[in-house]
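Quick note on numbering: the sequence shown equals residues 68 to 326 in this note's numbering.
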Amino acid sequence: MKEVNNYMEILVEKYLESVLAEWDICKCDKCKKDITALALNSLPPMYTTTEAGCVYVKVNTSFNPQYAADVVLAIDKAIQIVSEEVRHGESVYLIGFMGSGKSTIGQELAMKLKYKWVDLDKYIEEHQKMTIKELFESCGEPCFRKLEMNCLKELEHKDNLVVSTGGGVIMTPENVRLLKKQKTFYLKWDFDTLFERVSHDENRPLVKNYKQLWTLYHSRTKLYEETCCMVIEGKGKSTTQISEEIISLMEEENENSCD
Numbered sequence: 068m069k070e071v072n073n074y075m076e077i078l079v080e081k082y083l084e085s086v087l088a089e090w091d092i093c094k095c096d097k098c099k100k101d102i103t104a105l106a107l108n109s110l111p112p113m114y115t116t117t118e119a120g121c122v123y124v125k126v127n128t129s130f131n132p133q134y135a136a137d138v139v140l141a142i143d144k145a146i147q148i149v150s151e152e153v154r155h156g157e158s159v160y161l162i163g164f165m166g167s168g169k170s171t172i173g174q175e176l177a178m179k180l181k182y183k184w185v186d187l188d189k190y191i192e193e194h195q196k197m198t199i200k201e202l203f204e205s206c207g208e209p210c211f212r213k214l215e216m217n218c219l220k221e222l223e224h225k226d227n228l229v230v231s232t233g234g235g236v237i238m239t240p241e242n243v244r245l246l247k248k249q250k251t252f253y254l255k256w257d258f259d260t261l262f263e264r265v266s267h268d269e270n271r272p273l274v275k276n277y278k279q280l281w282t283l284y285h286s287r288t289k290l291y292e293e294t295c296c297m298v299i300e301g302k303g304k305s306t307t308q309i310s311e312e313i314i315s316l317m318e319e320e321n322e323n324s325c326d
């Protein structure tokens, strides 16, 4: 029996790295050990009975592809379990100036992490049955910021989200307090790039002219940096590269917490 289990453990270890390569999860030694143990425990009964195991070890000298298929499937299932345990509760929040790609990157990041994506502005619009522009026009910015804060509080204790916030979310001290408790990444770009992206967007109520937007940008930059846990420089990077960088940083933190 011991001989059989050792042989199956060798098979699991043989395929572990290749299967892990297809997953964006923590790959520290502790997580690998947990995955191996779960995979071995989930193998079909025929591999863990003395009779069947002895027949396999002593008689099957040629490679049987069915054994490999079963082992890979067991590893996949084990990775899913460990992945959910490692990532449970780690919602991600994206902050940055308007036009920084929070929505585009947020959607891609959520897809890669298998999280739910929430656009905070759209979340507010759905609750209020009005567009952001209409809310600014009807009740003013202070009223909108209060709505924004209430919605952020609703999301605070929800698990496995990628939340793309609005550019002015850091203007409310309570929002800053909430975001500092989360995995909050600041997507940073140079001003001219951002201005080029947003200058013709009529749905952005605070976009007026170059000088006013420049003043707004510089008034918020320090707040973004003080609120986030990590600054992500966007210059020269694609949305895919940025989302992968965020995942890599999350994995590094998971590895440190697993040690």
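No residue lacks a Cβ here, since even glycine has one placed at the ideal position from N, Cα and C.
- The continuous alpha helix (DSSP H) containing L245 extends over residues P240 to K247.
- The beta carbon of I299 is closer than 8 Å to those of F252, Y253, L254, K255, I309, E312 and I313 in its chain, skipping five residues each way along the sequence.
- The closest CA to that of V79, considering only T103, S85, A88 and L87, is found on T103.
- Under the DSSP assignment, S231 falls in the beta strand (DSSP E) whose first and last residues are L228 to S231.
- Following the DSSP letters along the chain, one finds W281 inside the alpha helix (DSSP H) bounded by residues Y277 to T294.
- DSSP places M216 within a helical segment (H, G or I) once states are collapsed to three.
- Contact between C296 and K250 holds: CB atoms are separated by about 6 Å, below the 8 Å threshold.
- The segment 172 to 184 makes contact with the segment 219 to 234, as at least three CB pairs between them are under 8 Å.
- Under the three-state reduction of DSSP output, D257 falls in the coil class, being neither helix nor strand.
- Looking at the backbone, the Cα of R212 and that of L202 are separated by about 10 Å.
- As the crow flies, the alpha-carbon of M197 is around 28 Å from that of T294.
- When DSSP reads this structure, M297 sits in a beta bridge with F252.
- In the DSSP assignment, Y190 falls within the alpha helix (DSSP H) that extends over L187 to Q195.
- Around the beta carbon of S167, 16 or more other beta carbons lie within 10 angstroms, which makes this residue buried.
- Between K225 and L245 a beta carbon distance of about 12 Å is seen, past the 8 Å cut, so the two are scored as non-contacting.
- In terms of Cβ geometry, G234 and T260 do not form a close pair [threshold 9 Å].
- The three-state secondary structure of Y182, taken from DSSP, is coil.
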